[in-house]
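Written out below as C-alpha cells is the structure these notes cover.
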Amino acid sequence: MPMMPITRKGIEILLDTPDQRDYVLSAYADLTLKDGFNSDVGVQLKNVARTAAEALGDAKARKTLDANFEAVLRAIREQDPSVRGLAVFTSVERGLHHVVPLGYAVPNRIVLDEDLYVLPLLEHWYGEPSYLVAVVNSDEAHLFEAFSGVVAPAVKNLERPDIDADIQRDKPRFTYKKRFAQTRHESLQEPSHDKFLLQVAETINEHFRPGEFTGLILLGQPHLLGPLRSLLHKDVQAAVVEEAQQAMTTKPGDIAREVARTVERWHADRDRQLLDELSHRWKEGHLVANGPTDVLDALQQGRTAQIVIGTTRNLPGARCTACGYRFGVVVATCPYCQGPCRTVNAVQAILRMALRHRTPVHLLRPGPDKSDPLARVNGLAALLRAEANWAPDPVTAQASQGH
9 MPMMPITRKG IEILLDTPDQ RDYVLSAYAD LTLKDGFNSD VGVQLKNVAR TAAEALGDAK
69 ARKTLDANFE AVLRAIREQD PSVRGLAVFT SVERGLHHVV PLGYAVPNRI VLDEDLYVLP
129 LLEHWYGEPS YLVAVVNSDE AHLFEAFSGV VAPAVKNLER PDIDADIQRD KPRFTYKKRF
189 AQTRHESLQE PSHDKFLLQV AETINEHFRP GEFTGLILLG QPHLLGPLRS LLHKDVQAAV
249 VEEAQQAMTT KPGDIAREVA RTVERWHADR DRQLLDELSH RWKEGHLVAN GPTDVLDALQ
309 QGRTAQIVIG TTRNLPGARC TACGYRFGVV VATCPYCQGP CRTVNAVQAI LRMALRHRTP
369 VHLLRPGPDK SDPLARVNGL AALLRAEANW APDPVTAQAS QGH
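So the sequence shown is numbered by the numbering used here: it starts at 9 and just counts up by one.
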C-alpha cells in the first residue's frame with residue numbers, strides 16, 4: 009500500500025478537537041528499520057511511558073496513561089511496513105482515537121496533556137515545503153505534488169492531441185505558406201500561441217492552490233518554460249520558485265531528487281532574505297514583532313504578514329480558557345477578561361493559529377555555529393503589515409522579552 013503524505017487537511021482535522029479538560033495521550037513512534045530489522049518500538053515506548061508515569065504526580069494522569077497506552081501499541085502493530093513513522097492521539101474519556109501514518113521518521117515520544125501535541129507534525133509541515141511540479145516538453149506534460157519531501161505519482165497527465173498526426177511538411181504537395189499555417193507541434197510555431205501549451209498552463213492554474221503549495225517548480229525544455237510561465241495566472245507566476253532543464257520523465261524518484269535540490273536552494277535563499285529583512289526592521293524599529301507575546305498579539309490581531317521561527321521549540325505560554333486569548337508567557341489569570349489560563353507550548357500555539365489563518369511561516373535552520381539565529385528575540389519574530397493601535401499588557405510583554 010503506497011504511503012500517502014500528510015496534507016494540510018489532515019493536520020486541520022487534529023486542530024478541530026473541542027476544548028476539554030480530559031487528558032489526551034499523544035504518541036509518536038519511529039517505525040524505520042534498524043540494521044535491516046524491525047526495531048521493538050513497543051518496548052521503547054513502554055520505557056518512555058514508564059518514565060512519564062513516574063514523573064506524573066497526578067493520579068488521574070497516570071490512570072489515563074495506562075488506559076490509553078494499549079491503543080497506541082495496537083496502532084503500531086496494525087501499520088503497513090511502508091510506514092516510517094506514526095502519530096497516535098487517543099483518549100478513552102473523549103472517545104478519541106486518531107492515527108496518522110507518516111512517510112518520515114519521528115523520535116519516540118509520549119505527551120499527556122489536555123491539548124493534542126501536534127508540534128512535530130506542524131514543524132515538519134512548515135519545515136518541508138510542498139510544491140506543485142510540472143514536467144513539460146513539446147508533446148506531453150505531467151503534474152506532480154510534492155508534500156513534505158515526498159513526491160506522489162503524477163496527478164495529471166497531458167498529451168498533445170495531434171501527437172501522432174503527420175507533420176504538414178511530410179505530406180506531398182504542400183506549399184511553403186501552408187507549412188507555416190498548418191504546422192501544429194513543431195518549433196516553427198510561436199510557443200506562446202501553441203494550443204497544447206495553453207492547455208498545460210490552464211491545467212497548472214487549476215491545480216495550484218495558494219496556501220496548499222509553497223511554490224511551483226517548472227521542469228522541461230528551456231525554450232518552452234518561459235512561454236509557459238507567461239501563460240500562467242499572475243498569482244501562479246509569482247509562485248514559481250524554480251525553472252530547470254529536465255528530460256521528460258514520469259518517475260517520482262527522478263522528480264524527488266530535483267525537488268530536494270530546489271528545497272535546499274529555497275531554504276538557504278529564504279533564510280538569508282528573512283534575516284536581512286529582520287536586521288533592517290530591527291535597526292529601524294519598524295513593523296516587526298519580537299518574542300512570543302508580541303508575535304501572538306500580532307497574529308491574533310490580524311497584523312502578521314510572515315512568521316519567522318528559530319530553532320527553539322519549547323517556549324512556555326498560556327491560553328485563557330474563557331476568551332481563548334493566547335499569551336507568550338505563563339500567566340494564571342487573563343489580564344483582559346480575568347478568566348483562568350492554562351499553560352501551553354507557545355510555538356505550537358503560534359503554528360496552529362498560523363495554519364488556520366493561512367499565515368506564512370518560515371523555520372530557520374541553525375547558524376554556522378549551531379546557534380539559534382533568533383536567540384536575541386527569544387526564538388520568534390514576525391514581519392508585520394501594521395503596528396498595534398493599542399499596547400499589550402506590560403507584565404506579559406516584559407516577561408516575554410526576558411527583561
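For glycine and all other residues, C-beta sits at the position ideal for the given N, C-alpha and C.
Being a predicted model, the structure only gives us computed values, none of them experimental.
Using the DSSP secondary-structure output, state which residues sit across from residue i in a beta bridge.
| i | result |
| --- | --- |
| R350 | R327 |
| Q314 | L391 |
| K378 | According to DSSP, K378 bridges with nothing at all. |
| G50 | Partner(s): none; G50 has no beta bridge. |
| A149 | V144, L166 |
| D38 | G93 |
| L110 | G93 |
| L227 | V143, A252 |
| R117 | Y36 |
| T341 | P348 |
Please determine, among the options, the residue with the shortest C-alpha to C-alpha distance to residue i.
| i | options | result |
| --- | --- | --- |
| V143 | G135, K164, P128 | K164 |
| N116 | L110, H215, T301, D38 | D38 |
| A390 | R350, A330, G325, E285 | E285 |
| P300 | W290, V80, L307, L388 | L388 |
| I358 | P376, R373, D302, K378 | D302 |
| L323 | T341, A354, V339, Y344 | A354 |
| G93 | A297, L382, L41 | L41 |
| R102 | P235, E122, V108, L110 | E122 |
| D377 | R393, T98, L205, T319 | T319 |
| Q314 | R273, R366, V337 | R366 |
| R373 | H275, A209, C349 | H275 |
| V352 | V249, G332, Q346, I225 | G332 |
| V51 | Q28, D30, F77 | F77 |
Taking residue i and residue j to be in contact with their CB atoms under 8 Å, please state how far apart those CB atoms are, rounded to whole angstroms.
| i | j | result |
| --- | --- | --- |
| A113 | V96 | About 15 Å; that fails the 8 Å criterion. |
| I4 | F155 | This structure cannot speak to residue 4, because the chain is shown only from 9 to 411. |
| I212 | L282 | At roughly 27 Å, the Cβ-Cβ gap does not stay under 8 Å, so I212 and L282 are not in contact. |
| V296 | L363 | With 8 Å as the limit, V296 and L363 do not qualify as a contact, their Cβ atoms being about 22 Å apart. |
| G336 | L304 | 5 Å |
| V32 | L104 | 6 Å |
| L226 | L239 | Wrong, their Cβ atoms sit about 11 Å apart, outside the cutoff. |
| E250 | T270 | 5 Å |
Can you tell me whether residue i is buried or exposed, with buried defined as 16 or more other CB within 10 angstroms of its CB?
| i | result |
| --- | --- |
| Y184 | Legend: pLDDT at Y184 = 48, less than 50; position of this residue unreliable, no value from coordinates given. |
| R168 | buried |
| H288 | exposed |
| L130 | buried |
| R327 | buried |
| I21 | exposed |
| N55 | exposed |
| H201 | exposed |
| T59 | exposed |
| S408 | The predicted position of S408 is uncertain, since its pLDDT is 46 and thus under 50; a value taken from the coordinates is nonetheless stated next. Under this definition S408 is a buried residue. |
| T258 | exposed |
| Y139 | buried |
| Q254 | buried |
| R334 | buried |
| P89 | exposed |
| S34 | buried |
What do you reckon, is the C-beta of residue i under 6 Å from a heavy atom of the ligand SAH?
| i | result |
| --- | --- |
| H275 | Ligands in the displayed structure: none, and consequently the ligand SAH is not present. |
Suppose only complete runs of 3+ residues qualify. What are the beta strand (DSSP E) ranges in the stretch 240-324, listed by chain order? 248-253, 296-298, 312-317
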